[in-house]
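**Student:** Chains A and B are the protein sequences, given in the same order.
Our numbering puts the first residue of the first sequence at 200, with every later residue one more than the last.
Our numbering puts the first residue of the second sequence at 11, with every later residue one more than the last.
Think of the CB as a built atom: it goes at the ideal place given N, C-alpha and C, for glycine as much as any other residue.
Since this is a predicted model, take the numbers as computed values, not measurements.
After the structure tokens below, expect a handful of questions from me.
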Amino acid sequence: MSAVLGFDDVTLGYDHHPTVHHLSGEIPSGALLAIVGPNGAGKSTLLKGIIGELKPMSGGIRRADGRRRHTAYLPQQSELDRSFPISVFDLVAMGDWGVIGSFGVLGKAGRARIARALEEVGLEGFDRRQAGTLSRGQLQRALFARLLVQDAPLILLDEPFTALDQRTEQDLLALVARWHQEGRTVLAVMHDLETVRQRFPQTLLLARDPVAWGATAAVMTPENLLRARSISEAWDDGAPRCDVPEAAA
Amino acid sequence: MIADWLIAPFLDYAFMARALAGGLAVSLGAAPVGVFLMLRRMSLTGEAIAHGILPGIAVAYLLAGLSLFAMTIGGLVAGLIIATLAALVSRVTVLREDASLASFHLVALAMGVLLVSVAGGKIDLIHVLFGSVLALGDDTVLLLAGSATLTVLTLAVIYRPLVMECYDPAFLRAVGGRGALVHHLFLALVVLNLVAGFHAMGTLMAVGMMILPATAARFWARGIGGMIAVAVAFALLASLVGLLISFHVDVPSGPAIILSAGALSLLSMILGPHGSLRALRTPAWHLRN
């Protein structure tokens with residue numbers, strides 16, 4: 200199968216400190232990949248590198264289609280301005296940006312797509328509510344509706360199931376499973392290792408350096424998890440410069 | 011009688027009619043920009059840029075005298091330099107944008123006041139700081155109208171990406187929207203409206219026509235479109251009331267307009283239907299479902 204994304208010895212980070220260190224590998228089209236690792240391991244940073252918000256310090260990230268607008272991205276809720284006056288309808292309509300851009304008319308078909316997406320996430324009748332009045336779970340459902348409207352072949356989810364009630368998590372996991380069946384490529388930053396074992400065939404275990412990448416069962420061994428945990432989270436300003444590329448683990 | 015009080019000044023005196031036209035133009039341009047400044051939590055940025063345009067105006071005056079064109083260009087250049095420098099410094103150093111702006115605008119204000127003083131008695135500092143909406147010439151009114159037109163058109167063009175950039179910038183980036191470009195265009199609009207507002211209200215008061223109607227509107231409307239409409243209406247009302255008070259009571263017009271806007275803002279905080287003191291005090295009743 201062809202690769203959707205390729206990492207060529209990529210290093211991403213802030214202030215000269217790497218948070219993703221020398222990652223190499225390819226993500227085949229249609230993969231359902233969980234990205235796991237301790238806090239500060241570079242999971243969200245990797246997604247930011249893929250969407251282009253962060254430029255690699257070295258190496259590169261290849262996009263097979265070369266077209267960023269074909270990426271659906273779910274940010275962490277903490278990155279949204281919860282007091283911003285936007286209706287649920289308008290929030291979900293942002294997903295149609297790739298089609299309508301700055302000036303396009305949403306039209307009947309677009310409105311129908313948005314209504315259907317809201318229905319599929321269980322938010323019918325919420326379209327005129329302000330996003331700020333939603334609960335965390337409801338807002339997550341609305342953000343998933345936006346992903347549905349985007350209809351993208353590559354979907355990036357940053358902590359999609361953190362702090363959700365059981366039912367919302369199950370509903371949204373079902374959507375992820377459906378995307379996988381439809382042949383879309385899904386990358387999700389995950390914390391709940393049990394969910395990863397049950398639902399994600401592939402896993403990338405990051406602890407700044409890639410610790411293991413492959414079939415979930417082979418990656419999530421006690422030894423690998425212990426290795427990931429033992430890697431220091433603290434920045435060391437006295438660390439030597441890293442100019443010599445190491446072989447990615 | 012009341013009609014006389016309300017309408018006669020504008021019919022009888024051309025300078026009052028021009029002032030009203032200028033106020034109308036400033037309201038149409040500055041109020042929508044102010045709404046986005048508030049939503050982006052950049053209200054104080056507007057304040058800082060407003061002070062930052064002063065040295066540009068002073069230099070233009072020293073070089074070219076009391077020329078509308080030169081002072082406008084000077085103000086625009088200084089404002090854009092301040093905005094760009096602040097953004098640049100926040101990107102390449104540890105200072106955040108608000109802190110770097112705060113440092114720059116103090117330097118700029120001091121430099122401006124110094125330059126105006128060096129120019130000696132030739133330029134009236136009070137005029138520069140507080141404007142003279144009652145002395146607008148035809149060309150100034152045209153300039154204000156042009157600025158408002160450009161602002162409304164530009165906002166229409168960048169409206170969608172600007173809303174997305176405010177709410178969820180990472181998403182805009184992910185779908186290939188040019189968030190940084192939109193942000194800089196918006197900052198340019200802020201500068202443009204402050205320079206336009208300077209001609210009517212002076213550098214210190216111009217930012218008031220952005221911020222006060224916008225904060226007042228927040229208490230009356232839930233959506234962004236509604237907020238813009240209310241903010242423009244409040245700015246127009248403040249211009250009208252301020253000019254009338256200035257005319258009848260013989261007080262400076264710029265501060266009278268800004269105080270009127272301030273009064274509307276205060277009333278909105280107390281009486282507005284959303285999140286105001288009244289809304290918080292109203293006994294809570296609830297629907298069954």
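#1: When you compare only the Cα positions, how much space is there between G236/A and L125/B?
#2: Judging by CA-CA distance, which residue of G382/A, T402/A, A438/A, A406/A is the nearest neighbour of S201/A?
#3: Going by DSSP, what residues sit across from F206/A in a beta bridge?
#4: Using DSSP's beta-bridge definition, name the partner residues of D357/A.
#5: Where in the segment 118-197 of chain B do unbroken runs of the alpha helix (DSSP H), each at least 4 residues long, occur, reported from the N-terminal end onward?
#6: Beta strand (DSSP E) containing D408/A: first to last residue?
#7: For a contact defined as C-beta to C-beta under 9 Å, what are the partners of M293/A on chain B?
#8: Alpha carbons only, please: which of L144/B, A206/B, M237/B is nearest the one belonging to I255/B?
#9: In the DSSP output, what is L405/A paired with across the bridge?
#10: Interface residues of chain B around G251/A at Cβ under 9 Å?
#11: Report yes if the C-beta distance between S249/B and G33/B is below 7 Å; otherwise report no.
#12: Give every residue of the same chain whose Cβ lies closer than 7 Å to the Cβ of L346/A, excluding the five residues on either side of it in the sequence, and list them in chain order.
#13: Do we get a CB-CB distance below 7 Å when we pair I238/B with the residues of chain A?
#14: With 16 as the cutoff for other CB atoms within 10 Å, does S429/A come out buried or exposed?
#15: Hey, would you say G252/B sits closer than 7 Å to S270/B, going by beta carbons?
#16: Could you work out which residue in I234/A, A230/A, L246/A is closest to G212/A when comparing CA atoms only?
#17: Anything in chain A within Cβ reach of L297/B, meaning under 7 Å, just list it in chain order.
#18: Measure the alpha-carbon distance for T361/A versus A70/B and round it to whole angstroms.
#19: Provide the residue span of the alpha helix (DSSP H) that contains T55/B, from first to last.
#20: Looking at chain B, is there any beta carbon in it that lies within less than 7 Å of the beta carbon of Y213/A?
#21: How is P42/B classed by DSSP in three states: helix, strand or coil?
#22: Using the three-state DSSP reduction, which class does A112/B fall into: helix, strand or coil?
#23: When you check each C-beta in the segment 222-238 of chain B against every C-beta of chain C, which residues fall closer than 9 Å?
#24: Kindly indicate the opening and closing residues of the alpha helix (DSSP H) around I250/A.
#25: For K242/A and P262/B, I'd like the C-alpha separation in whole angstroms.
#26: Quick one: residues in its chain with C-beta nearer than 6 Å to the C-beta of L356/A, no 5 flanking neighbours on either side, listed in chain order?
#27: Can you name, in chain order, every residue of its own chain whose Cβ lies under 6 Å from the Cβ of M237/B, other than the five neighbours on each side?
#28: Which residue marks the beginning of the alpha helix (DSSP H) containing A271/A, and which one marks its end?
#29: Looking at the C-beta of M354/A, does it have a partner C-beta in chain B at a distance below 7 Å?
#30: On the criterion of 16 or more Cβ atoms from any shown chain inside 10 Å, does F79/B qualify as buried, or is it exposed?
#31: Start and end of the beta strand (DSSP E) containing A233/A?
#32: Answer with yes or no whether the minimum CB distance from S286/B to chain A is below 7 Å.
#33: Please list, in chain order, the residues of the segment 275-304 of chain A that have any C-beta partner in chain B closer than 7 Å.
#34: Since I believe F114/B is in contact with G62/B (beta carbons under 8 Å), could you give me their beta-carbon distance rounded to a whole number of angstroms?
#35: DSSP on G294/A, reduced to helix/strand/coil?
#36: Just to confirm, is the Cβ distance from F206/A to I249/A under 7 Å?
**Tutor:** In short:
#1: As a working mapping, residue 236/A is identified with position 37 in the first sequence. As a working mapping, residue 125/B is identified with position 115 in the second sequence. Taking the straight line joining both Cα atoms gives about 58 Å.
#2: Within the first sequence, residue 201/A is the residue found at index 2, counting from 1. Among G382/A, T402/A, A438/A, A406/A, the Cα nearest to that of S201/A is on G382/A.
#3: Working through the first sequence from its first residue, we reach residue 206/A at position 7. Per DSSP, G224/A, I260/A.
#4: Indexing the first sequence from 1 puts residue 357/A at position 158. Per DSSP, V388/A.
#5: Under the rule that a run must span 4 or more residues, the alpha helix (DSSP H) segments found entirely inside the segment 118-197 of chain B read 135-140, 148-177, 179-184.
#6: In the first sequence, residue 408/A corresponds to position 209, counting from 1. That run of the beta strand (DSSP E) goes 408-414.
#7: To locate residue 293/A, count along the first sequence from 1; it is residue 94. Residues of chain B passing the Cβ test: R170, V173, M174, Y177, D178, F181, L182, V185.
#8: As a working note, residue 255/B is residue 245 in the second sequence. Nearest C-alpha to I255/B: L144/B.
#9: Counted from its first residue, the first sequence places residue 405/A at position 206. Its beta-bridge partners are P409/A.
#10: Taking the first sequence and counting its residues from 1, the one referred to as residue 251/A is at position 52. Neighbourhood of G251/A in chain B, by CB distance below 9 Å: R183, A184, G186, in chain order.
#11: Position 239 of the second sequence, counting from 1, holds the residue named residue 249/B. Position 23 of the second sequence, counting from 1, holds the residue named residue 33/B. The Cβ atoms of S249/B and G33/B sit closer than 7 Å to each other.
#12: Working through the first sequence from its first residue, we reach residue 346/A at position 147. Non-local beta-carbon contacts of L346/A in its own chain, meaning distances under 7 Å to residues more than five positions away in sequence, involve A271, L273, G294, I354 in chain order.
#13: If you number the second sequence from 1, residue 238/B lands on position 228. Using a Cβ-Cβ cut-off of 7 Å, I238/B does not count as an interface residue toward chain A, since no Cβ of chain A sits closer than that to its own.
#14: In the first sequence, the residue the question calls residue 429/A occupies position 230. That one is exposed.
#15: As a working note, residue 252/B is residue 242 in the second sequence. As a working note, residue 270/B is residue 260 in the second sequence. Cβ atoms of G252/B and S270/B: closer than 7 Å.
#16: Here the question's residue 212/A lines up with position 13 in the first sequence. Considering only alpha carbons, the answer is L246/A.
#17: As a working mapping, residue 297/B is identified with position 287 in the second sequence. What L297/B touches in chain A: nothing, since even the nearest Cβ is about 14 Å away.
#18: Position 162 of the first sequence holds residue 361/A. Position 60 of the second sequence holds residue 70/B. Cα-Cα distance, rounded: 57 Å.
#19: By 1-based counting over the second sequence, the position of residue 55/B is 45. It spans 53-62 - the alpha helix (DSSP H) in which T55/B sits, taken as one unbroken run.
#20: Mapped onto the first sequence, residue 213/A falls at position 14. Interface with chain B (7 Å Cβ-Cβ cutoff): Y213/A is excluded.
#21: Mapped onto the second sequence, residue 42/B falls at position 32. Three-state result, P42/B: helix.
#22: Counting from 1 along the second sequence, the entry for residue 112/B is found at position 102. When DSSP states are grouped into helix, strand and coil, A112/B belongs to the helix group.
#23: Absent from the structure is chain C; the protein chains it does hold are A and B.
#24: Walking along the first sequence from the start, residue 250/A turns up at place 51. Unbroken alpha helix (DSSP H) run through I250/A: 242-250.
#25: Along the first sequence, one-based indexing puts residue 242/A at 43. Along the second sequence, one-based indexing puts residue 262/B at 252. About 59 Å.
#26: Counting from 1 along the first sequence, the entry for residue 356/A is found at position 157. Excluding residues up to 5 positions away in sequence, L273, A387 lie with their Cβ nearer than 6 Å to the Cβ of L356/A in the same chain.
#27: Along the second sequence, read from residue 1 onward, the residue named residue 237/B stands at position 227. Same-chain partners within the cutoff: V45, A227, A231.
#28: The sequence position of residue 271/A within the first sequence is 72, counting from 1. Run containing A271/A: none in the alpha helix (DSSP H); it sits in the beta strand (DSSP E), 270-273.
#29: For the purposes of this step, residue 354/A is taken as residue 155 along the first sequence, with counting starting at 1. Reading off the sequence, residue 354/A comes out as Ile, not Met. Not a single CB atom of chain B sits nearer than 7 Å to the CB of I354/A.
#30: Along the second sequence, one-based indexing puts residue 79/B at 69. Here F79/B is exposed. Its C-beta has fewer than 16 other C-beta atoms within 10 Å.
#31: As a working mapping, residue 233/A is identified with position 34 in the first sequence. 231-235 is the extent of the beta strand (DSSP E) around A233/A.
#32: For the purposes of this step, residue 286/B is taken as the residue at position 276 of the second sequence. For S286/B, the answer is no, since every Cβ of chain A falls outside 7 Å of its Cβ.
#33: Against chain B - using a Cβ distance shorter than 7 Å - the residues of the segment 275-304 of chain A are E278, L279, D280, F283, P284, I285, S286, M293, W296, G297, S301.
#34: Taking the first residue of the second sequence as position 1, residue 62/B is located at position 52. Taking the first residue of the second sequence as position 1, residue 114/B is located at position 104. Correct: roughly 6 Å between the Cβ atoms.
#35: Along the first sequence, read from residue 1 onward, the residue named residue 294/A stands at position 95. Helix.
#36: Taking the first residue of the first sequence as 1, we reach residue 206/A at position 7. Taking the first residue of the first sequence as 1, we reach residue 249/A at position 50. No, the Cβ-Cβ distance between F206/A and I249/A is not below 7 Å.
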